Every structure is written in C-alpha cells, then in structure tokens.
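2 protein chains.
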Amino acid sequence: MSTRERSQMATSLRVACMRISRRVRFESGDDLAPHQFSVLLRIEDGAQTPRELAEIERVSAPSMTRTVAALVDRDLVLRAEDPNDGRSVLLSLSREGVEMLKAIRRRREAWMLDRIKHLGDDELDTLRRATQILERVAAE
Amino acid sequence: MSTRERSQMATSLRVACMRISRRVRFESGDDLAPHQFSVLLRIEDGAQTPRELAEIERVSAPSMTRTVAALVDRDLVLRAEDPNDGRSVLLSLSREGVEMLKAIRRRREAWMLDRIKHLGDDELDTLRRATQILERVAAE
DNA sequence: TATTGTTATACTCTATAACTATA
DNA sequence: TATAGTTATAGAGTATAACAATA
Chain D
132 MSTRERSQMA TSLRVACMRI SRRVRFESGD DLAPHQFSVL LRIEDGAQTP
182 RELAEIERVS APSMTRTVAA LVDRDLVLRA EDPNDGRSVL LSLSREGVEM
232 LKAIRRRREA WMLDRIKHLG DDELDTLRRA TQILERVAAE
Chain C
132 MSTRERSQMA TSLRVACMRI SRRVRFESGD DLAPHQFSVL LRIEDGAQTP
182 RELAEIERVS APSMTRTVAA LVDRDLVLRA EDPNDGRSVL LSLSREGVEM
232 LKAIRRRREA WMLDRIKHLG DDELDTLRRA TQILERVAAE
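Protein sequences, first through last, are from chains D and C. 271 is the number that our numbering gives the last residue of the first sequence; the numbers go up by one with no jumps. 271 is the number that our numbering gives the last residue of the second sequence; the numbers go up by one with no jumps.
Spelled out as structure tokens, the structure:
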C-alpha cells in the first residue's frame, strides 16, 4: 500500500472511529457525565484513593474531590477511612455503582449491536479482524 | 456468526473505536476546545447562523453566542450582518480558521498514521475494508 | 518536611429567563 | 406575535493557592 493510500486510510479510519464513538456517547442515553463515568471505571479497575484518580485522570486534587463527592452523594461510590493512613480515604463501588456501569454498558452494547446486526458474515468477519488490530494499535 | 459472538464483537469494536478516538483527541495537541472545533467544522460544512449552529450542536442560543464570540475573538470566524434580515448574523471561516482546521487535521492524521505505519499490507487491507463498513454504519 | 485531602476563590461552559431589535 | 440574538444570572466543571491533619 502506497504512502498516499496509507495516509488517506489513517484519516478515514480515524474519522470513522470518532463518529462511532461520538454517536455511542450521544445516543446511548447515559445518565452519568463523562468524567463521572470515567472515574467509576477507574475505581472498578482498582483505583482506591482520590489522589490516584486525580493522577490517572490528569485533573487537580480539588477537582477529583468534587467528582468523588458527587458520586458518593449519588450512592454510586463508597468512602471509608484508611486504617493504615489517617490522611487517606479508600473508595469502592457500591452495589448501585456496579449496576450503573452494567446498565451503561448494556445500553452502549445494544446501540452498537443494532448497527451491525444487519451485516453479513463476511463483513462481520472483517470487522472482527479489524477490531483485533485496533485493540493492538490503541494499546501501544 | 452467533448472536453471542456478534454481541461480543459489538462491545470490542465500540471500545476500540472509543479508545482510538480518545487518544487522538488527547494526544494530537489541539489548541482548540472540542466544542469550538466542532463549531468550526459545522461552519466549514455550510452552517451560517448562530441559530443553526445551536440546533445542530444541541446547545442553547446563549451558549452558542459565547462559543461564536470566542471564535470571532480569536479571528477564526468572521461575522457579517445579513442584508436580508436585520436580526441575523452570517458566519464564515476566516483564513485563520481554515488554517486552524488544516493544522488540527494534519496533526490528527500524523498521530493515526504513526500508529498504523508499521502494519503489514494484510492488516492494512483489513483496516481499509473495515473502515468502509464503519463509515456506512456510522452514517446510518 | 512531605503528603493527603479539603476549603476558598476564580474562570469557563452550560442553562433558563428576560430583554432588544426586526419580521 | 414570532424570531434572532444578547445580556443577566446561576449551576456545574475546571484550576491554583492556602489550609488542616497525618506521616
């Protein structure tokens, strides 16, 4: 494949990914703001303290204090004192938080499934192989 | 392909697209906020009035007033009175606005090209065909 | 002293309500 | 009256600076 073709492909692929991503977000009817969803995912993924979350999400400590407070207010996240360090708080998902993540994922999956359900096996196979490549590319 | 497989594919593909999209935005070093970039694209695409832009972007009229004002302040967008309707203003991209869009696209393309440059022809071909499918899917 | 987290304050983007000017 | 756009004001999100409590 020529350099010119690669370049065009890079743009088309990028634009297609961004369109899909945008529509998933807009049309799945999430009832959680993007930054809140993201923090919930981080906690699910093992992050425990506001400090950690602020670093991962690259926001300031006071911003994370607010975001976490909002999630605790909505009973999606639990706060506990750290028995080993009186300065720290330990965060975890509540049952409601786990359910919220499940519900959002369910809606997003449904949206995407609806888009690909009428494709033929050939096209699905192409998408499957492309997905594996994209996963590698995005992880680098 | 079974329903179960399709469902898993839908999720993997969605997540891969969102990751790519997120990294493109974060790592291309845009010097324009996302909502400003989006409005610039809409004007390039033919939108002329704040009213139109507010509807397309689904924000309130006052919000669009501010966004447009910021773009005009930065000399990226030109305002003109509508000769046929004294209430309206007509917006267009300035030369700087056109350049800004070009620069952002150039950086985003470079980022994506950098990710796919080491792939083999087989993989690139898979991505090319997947891109065509995704474009159709995203357009529906 | 260094670190964790919060409070104080300010700036930006969002919204709704009220206003001006024009159709 | 209805429409295009702005201004006024308030509610979230962001930030930095200053503070408390603990290590």
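Ideal Cβ positions, reconstructed from N, Cα and C, are used throughout, including at glycine. These numbers come from a predicted model, not from an experiment.
- Between the Cα of aspartate 213 of chain D and those of D/Leu222, D/Arg205 and D/Asp206, spot the shortest distance and give me the residue it belongs to. As a position in the first sequence, residue 213 of chain D is number 82, starting the count at 1. Checked all of D/Leu222, D/Arg205 and D/Asp206; the closest Cα to aspartate 213 of chain D is D/Leu222.
- Query: Less than 8 Å separating the beta-carbons of alanine 270 of chain D and methionine 243 of chain C?
  - Reply: Looking up residue 270 of chain D in the first sequence gives position 139. Looking up residue 243 of chain C in the second sequence gives position 112. No, the pair does not count as a contact, with Cβ atoms beyond the cut-off.
- Cβ contact check for the region 169 to 184 of chain D and the region 221 to 235 of chain D: 3 or more pairs under 8 Å: yes
- So which residues of chain C does alanine 269 of chain D contact, with C-beta pairs closer than 7 Å? The residue you call residue 269 of chain D lines up with position 138 of the first sequence. By Cβ distance, chain C contributes Ala147, Arg150, Ile151 and Arg154.
- Item | Cβ-based contacts, 7 Å cut-off: residues of the region 155 to 188 of chain D near chain C | Val155
- Residues in its own chain within less than 6 Å of arginine 137 of chain D by CB, not counting five upstream and five downstream? Position 6 of the first sequence, counting from 1, holds the residue named residue 137 of chain D. Taken in chain order, the list of residues that qualify is empty.
- Mind checking which residues open and close the beta strand (DSSP E) that includes valine 190 of chain C? Here the question's residue 190 of chain C lines up with position 59 in the second sequence. Valine 190 of chain C -> no beta strand (DSSP E), and no H or E assigned at all.
- Task: Inspect the CB distances between the region 160 to 168 of chain C and the region 160 to 180 of chain D and report whether three or more fall short of 8 Å.
- Result: no
- Query: Excluding sequence positions up to five away, which residues of its chain have a Cβ less than 6 Å from the Cβ of alanine 192 of chain D?
  - Reply: By 1-based counting over the first sequence, the position of residue 192 of chain D is 61. So the list reads Ala185, once near-sequence residues are dropped.
- With DSSP collapsed to three states, give me the class of alanine 200 of chain D. Looking up residue 200 of chain D in the first sequence gives position 69. Three-state DSSP puts alanine 200 of chain D in a helix.
- Query: Could you give the distance in angstroms between the alpha-carbon of valine 199 of chain C and the alpha-carbon of arginine 156 of chain C?
  - Reply: Position 68 of the second sequence holds residue 199 of chain C. Position 25 of the second sequence holds residue 156 of chain C. Approximately 21 Å, taken between the alpha carbons.
- Query: How far does the beta strand (DSSP E) with alanine 114 of chain D in it reach, from first residue to last?
  - Reply: An answer regarding residue 114 of chain D cannot be provided, because it is not within the stretch 132 to 271 covered by chain D.
- Message: Would leucine 224 of chain C pass as an interface residue toward chain D - the criterion being a Cβ-Cβ separation below 8 Å?
- Response: Within the second sequence, the letter at position 93 stands for residue 224 of chain C. Taking Cβ atoms only, chain D never reaches closer than 8 Å to leucine 224 of chain C, which makes this a no.
- Message: Rounded to the nearest angstrom, what separates arginine 145 of chain D and glutamate 230 of chain C at their Cα positions?
- Response: As a first step, residue 145 of chain D is located in the first sequence; it is residue number 14 there, counting from the start. As a first step, residue 230 of chain C is located in the second sequence; it is residue number 99 there, counting from the start. Whole-angstrom Cα-Cα distance: 20 Å.
- Query: Residues bridged to leucine 222 of chain D by DSSP?
  - Reply: On the first sequence, position 91 is the one that residue 222 of chain D refers to. DSSP, once it has assigned bridges, lists D/Arg210 as partnering leucine 222 of chain D.
- Item | Under 9 Å (Cβ pairs) to chain C, residues found in the region 245 to 262 of chain D | Asp245, Arg246, Ile247, Lys248, Leu250, Asp252, Glu254, Leu255, Asp256, Thr257, Leu258, Arg259, Arg260, Ala261 and Thr262
- Under the rule that 16 or more other beta-carbon atoms within 10 Å means buried, what is arginine 226 of chain C, buried or exposed? Translated into the one-based positions of the second sequence, residue 226 of chain C becomes position 95. Exposed is the call here.
- Would DSSP call aspartate 252 of chain C helix, strand or coil? Translated into the one-based positions of the second sequence, residue 252 of chain C becomes position 121. Residue state, collapsed to three classes: helix.
- Message: For a test of your reading of the model: does the CB of glycine 160 of chain D fall under 7 Å from any non-hydrogen atom of the ligand ADP? Yes or no.
- Response: No copy of the ligand ADP occurs in the structure displayed, which carries no ligand at all.
- Would you please verify whether the beta carbon of leucine 265 of chain D is less than 8 Å from any beta carbon of chain C? By one-based count along the first sequence, residue 265 of chain D stands at place 134. Leucine 265 of chain D counts as touching chain C.
- Closest by CA to methionine 274 of chain D, which one among D/Val170, D/Ala234, D/Arg218 and D/Gly160? Any answer about residue 274 of chain D is impossible in this case: the structure gives chain D only from 132 up to 271.
- Give the secondary structure of alanine 261 of chain D by DSSP, where H, G and I count as helix, E and B as strand, and everything else as coil. By 1-based counting over the first sequence, the position of residue 261 of chain D is 130. It is helical.
- Message: Rounding to the nearest angstrom, what Cα-Cα distance links arginine 210 of chain C and aspartate 204 of chain C in this structure?
- Response: Start at 1 with the first residue of the second sequence, and residue 210 of chain C comes out as number 79. Start at 1 with the first residue of the second sequence, and residue 204 of chain C comes out as number 73. Going by C-alpha positions, arginine 210 of chain C is about 11 Å away from aspartate 204 of chain C.
- Would you tell me roughly how many angstroms separate the C-alpha atoms of glycine 177 of chain C and isoleucine 187 of chain C, rounded to the nearest one? In the second sequence, residue 177 of chain C corresponds to position 46, counting from 1. In the second sequence, residue 187 of chain C corresponds to position 56, counting from 1. Rounded to the nearest angstrom, the two C-alpha atoms are 12 Å apart.
- Message: Can you tell me where the alpha helix (DSSP H) holding glutamine 139 of chain C begins and where it ends?
- Response: The sequence position of residue 139 of chain C within the second sequence is 8, counting from 1. Its alpha helix (DSSP H) spans residues 134 to 158.
- Query: How would you list, in chain order, the residues of chain C whose beta-carbon sits under 7 Å from the beta-carbon of alanine 141 of chain D?
  - Reply: The residue you call residue 141 of chain D lines up with position 10 of the first sequence. Within 7 Å Cβ-Cβ: Glu240, Met243, Leu244 and Ile247.
- Message: Taking its Cβ as the centre, do 16 or more other Cβ atoms sit within 10 Å of threonine 257 of chain D, making it buried, or is it exposed?
- Response: Taking the first sequence and counting its residues from 1, one reaches residue 257 of chain D at position 126. Counting Cβ neighbours within 10 Å, threonine 257 of chain D comes out buried, since at least 16 surround it.
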